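Chemist: Can you read through this structure? Questions will come right after.
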Amino acid sequence: MVSEMDSFVRIVEDDDNLTLSANTSLSDFLENERGNKQLPLEVAIPLTLVNVLIFVSGLVGNISVCVVITRHPALHTATNYYLFNLAISDLTLLIFGLPNDVTLYWHQYPWILGESFCKIRALISEMATYVSVLTIVAFSTERYLAICYPLYLHTMSGFQRALWIIACLWIVALISAIPFSIYSTVDYLTYPPDSDNILEESAFCAMMSQPKNLPLAELSFTLFFLIPMCIIGVQYTRMALKISKQTRMIGKSLNGSVHRGSGRRNQSHRSVIRMLCTYITNTIRNTVPFFAVAVVICFFLCWAPFHAQRLLFIYGQDFSFYYELNSWMFYVTGILYYFSSTLNPILYNVMSNRYRSAFKEILCGLKTNHVLLRSSTFRETRRLSHTGNRLDVIKKSRKSLIRDTIIDEAVDDPTNKISLPHNSSCNAIPSEFGTV
1013 MVSEMDSFVR
1023 IVEDDDNLTL
1033 SANTSLSDFL
1043 ENERGNKQLP
1053 LEVAIPLTLV
1063 NVLIFVSGLV
1073 GNISVCVVIT
1083 RHPALHTATN
1093 YYLFNLAISD
1103 LTLLIFGLPN
1113 DVTLYWHQYP
1123 WILGESFCKI
1133 RALISEMATY
1143 VSVLTIVAFS
1153 TERYLAICYP
1163 LYLHTMSGFQ
1173 RALWIIACLW
1183 IVALISAIPF
1193 SIYSTVDYLT
1203 YPPDSDNILE
1213 ESAFCAMMSQ
1223 PKNLPLAELS
1233 FTLFFLIPMC
1243 IIGVQYTRMA
1253 LKISKQTRMI
1263 GKSLNGSVHR
1273 GSGRRNQSHR
1283 SVIRMLCTYI
1293 TNTIRNTVPF
1303 FAVAVVICFF
1313 LCWAPFHAQR
1323 LLFIYGQDFS
1333 FYYELNSWMF
1343 YVTGILYYFS
1353 STLNPILYNV
1363 MSNRYRSAFK
1373 EILCGLKTNH
1383 VLLRSSTFRE
1393 TRRLSHTGNR
1403 LDVIKKSRKS
1413 LIRDTIIDEA
1423 VDDPTNKISL
1433 PHNSSCNAIP
1443 SEFGTV
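In our numbering, the protein residues as written are 1013 to 1448.
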């Protein structure tokens, strides 16, 4: 559902065409008022192919997320509950929204599915959109608390809390989407104009106008784009700064640990520690900024055009360039709007080493590094088996609690043949940021 308020003006490119003569035929009247029944083939075919690709990849990606998280016990965490919910909302959006929009490329009108389905489609598509946005915010907040306020998250952690939050997200989204469903309707033209003769061939399902006392587009833009954009932007910025600070602490701890002990064996062990800690630090510094920037940019690019087109419909119809700009935005927003549902499983799951390992084991039947899959949250003390030796990560104090998790990339590196001594000391930071 690209926009429930843009109606037929998405296709009509010149308001001069709306001037009717006394002897205008029925077909000319419909074309003048509703636009062409279908887009030109040179436009409709590429758009259809792109949307089919988005639909298939989105289904495969999100269904895979649901299957892997459901079937692998190591992924039964509060954080992954949010990702599971995000996959469900994205699937809902793809199934109930994208096929209808692709149909509009080939058949703008008449709408043949009735008034009830018109309202249901508007409700489900709008609700799924809001759930996706709110879930991203909740998921980002979970990561933000895990990294910046680990003790606070520890006091409020648990699956039950995550389930309650997810339920609240759906309730808020449902309530927010109801007005769009109420004001969405099947609109009919009369022919001849100003007569009482309803033209069935002109049936069009859309939200033809915005209620005067309820600025739906403005509220949707503010509550489900502007505020979430600011929240995740601030959160990921603070997370990046926090992790940057922790990497400097790793370096200081390393300088203190590698100078202790003597002898050839200890020198070898110190070299190993330095190599491992340098690898971890460099991995974090390279991965974290990329992931933080990717989340914010993808959120903006996928949702900004959608809300911009809605606001353009309300405030931009008096501009001379309105029809040309609106027609162009119709194509762009349709692709980006649904592309977000395909991008989410890639951005939040495929980039995780833990998820990729579980995916290979569940769907491909491949043996994976169970050290990675058994690794728990940042609150737990863990003993990691690695080529016959152990690296004991022990919680030392509340100040160092955030650094008690070994980053997934270092543990899962298949080329890493380093043997770690029993008494090694290397502090790391949580993997919640880049690897769930």
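Where a beta carbon is used, it is the ideal one built from N, C-alpha and C, also for glycine.
If you're wondering where the values come from, they're calculated on a predicted model, not measured in any experiment.
Judging by CA-CA distance, which residue of 1159, 1116, 1179, 1224 is the nearest neighbour of residue 1100?
Modeler: 1179
Chemist: Am I right that residue 1174 and residue 1139 are in contact with their C-beta atoms under 8 Å? What's the rounded C-beta distance?
Modeler: 20 Å between Cβ atoms; not a contact.
Chemist: Relative to the alpha-carbon of residue 1347, which residue among 1091, 1081, 1110 has its alpha-carbon at the smallest distance?
Modeler: 1110
Chemist: So, do the segment 1219 to 1236 and the segment 1114 to 1127 have three or more beta carbon pairs nearer to each other than 8 Å?
Modeler: no
Chemist: Can you name the residues that DSSP bridges to residue 1210?
Modeler: DSSP, once it has assigned bridges, lists 1202 as partnering residue 1210.
Chemist: Thinking residue 1177 and residue 1150 are a contact (beta carbons under 8 Å), I'd like their distance in whole angstroms, please.
Modeler: Sure, about 6 Å apart at Cβ, within 8 Å.
Chemist: Given that a residue counts as buried once 16 or more other Cβ atoms are within 10 Å of its Cβ, and exposed if not, what is residue 1040?
Modeler: exposed
Chemist: Which partner residues does residue 1218 have in the DSSP bridge list?
Modeler: 1197
Chemist: If you count every other CB in all the chains shown that lies within 10 Å of the CB of residue 1340, and 16 or more means buried, which is it?
Modeler: Under this definition residue 1340 is an exposed residue.
Chemist: Enumerate in chain order the residues of its own chain whose CB-to-CB distance from residue 1067 is below 7 Å, with the five nearest sequence positions on each side excluded.
Modeler: Closer than 7 Å at Cβ, skipping near neighbours: 1106, 1110.
Chemist: Could you tell me whether the segment 1238 to 1254 touches the segment 1075 to 1095, using the rule of 3 or more Cβ pairs below 8 Å?
Modeler: no
Chemist: Mark residue 1338 as exposed unless 16 or more other C-beta atoms lie within 10 angstroms of its C-beta, in which case mark it buried.
Modeler: Counting the other Cβ atoms within 10 Å of the Cβ of residue 1338 gives 16 or more, which makes it buried.
Chemist: Let me check understanding here. Comparing Cα to Cα, which of 1365, 1147, 1115 lies closest to residue 1064?
Modeler: Looking at the Cα atoms, 1115 is the closest of the given residues.
Chemist: Among 1229, 1351, 1316, 1309, which one has its Cα closest to the Cα of residue 1326?
Modeler: Per the Cα distances, 1229.
Chemist: From residue 1373 to residue 1084, what distance separates their C-alpha atoms?
Modeler: The straight-line gap from Cα to Cα measures roughly 9 Å.
Chemist: Pop quiz: residue 980 and residue 1255 are said to be a contact at Cβ under 8 Å. What is the actual Cβ separation, rounded to whole angstroms?
Modeler: Outside the displayed span of the chain (1013 to 1448) sits residue 980, for which this structure offers no information.
Chemist: Excluding the five sequence neighbours on either side, which residues of its own chain have a C-beta within less than 7 Å of the C-beta of residue 1313, listed in chain order?
Modeler: 1348
Chemist: Just how far apart, CA to CA, sit residue 1225 and residue 1096?
Modeler: 37 Å
Chemist: In this structure, how does DSSP classify residue 1141 when only helix, strand and coil are distinguished?
Modeler: DSSP, read as helix, strand or coil, puts residue 1141 in helix.
Chemist: Please give the ranges of any alpha helix (DSSP H) in the segment 1147 to 1186, keeping only runs that are unbroken, at least 4 residues long and fully inside the region.
Modeler: 1162 to 1167
Chemist: How many whole angstroms separate the CB atoms of residue 1093 and residue 1171, which I take to be in contact at a CB cut-off of 8 Å?
Modeler: 7 Å
Chemist: Give the DSSP-derived three-state secondary structure of residue 1332 in the structure shown.
Modeler: coil
Chemist: Would residue 1072 be called buried (16 or more neighbouring beta carbons within 10 Å of its own) or exposed?
Modeler: exposed
Chemist: What is the DSSP secondary structure of residue 1369, counted as helix, strand or coil?
Modeler: helix
Chemist: Quick one: what does DSSP say residue 1123 is sitting in, helix, strand or coil?
Modeler: Note: residue 1123 maps to coil in three-state DSSP.
Chemist: Go through its chain and collect everything with a Cβ distance to residue 1144's Cβ below 8 Å, but skip five positions before and after it.
Modeler: 1098, 1101, 1102, 1105, 1352, 1353, 1356
Chemist: For residue 1053, count neighbouring Cβ atoms within 10 angstroms of its own Cβ and tell me buried if that reaches 16, exposed if not.
Modeler: exposed
Chemist: May I have the straight-line CA-CA distance separating residue 1426 from residue 1364, to the nearest angstrom?
Modeler: Any answer about residue 1426 is weak, because its pLDDT of 32 lies below 50 and its placement is not dependable; what the coordinates show is given next. Distance between the alpha carbons of residue 1426 and residue 1364: 15 Å.
Chemist: Skipping 5 residues on each side, what residues in its chain have a beta carbon closer than 6 Å to that of residue 1213?
Modeler: The answer, listed in chain order, is 1122.
Chemist: Can you tell me whether residue 1356 is helix, strand or coil according to DSSP?
Modeler: helix
Chemist: Taking only three categories from DSSP, how would you classify residue 1063?
Modeler: In the structure shown, residue 1063 sits in a helix (DSSP, three-state: H, G or I).
Chemist: In the DSSP assignment, find the alpha helix (DSSP H) that holds residue 1109 and state where it starts and stops.
Modeler: 1090 to 1118
Chemist: Taking the alpha helix (DSSP H) that residue 1226 falls in, what are its first and last residues?
Modeler: Premise fails: residue 1226 is in no alpha helix (DSSP H) and is neither H nor E.
Chemist: In this structure, how does DSSP classify residue 1071 when only helix, strand and coil are distinguished?
Modeler: helix
Chemist: By Cβ distance, which residues of its chain are closer than 7 Å to residue 1203, with the 5 residues on each side in sequence left out?
Modeler: 1038, 1041, 1209, 1211
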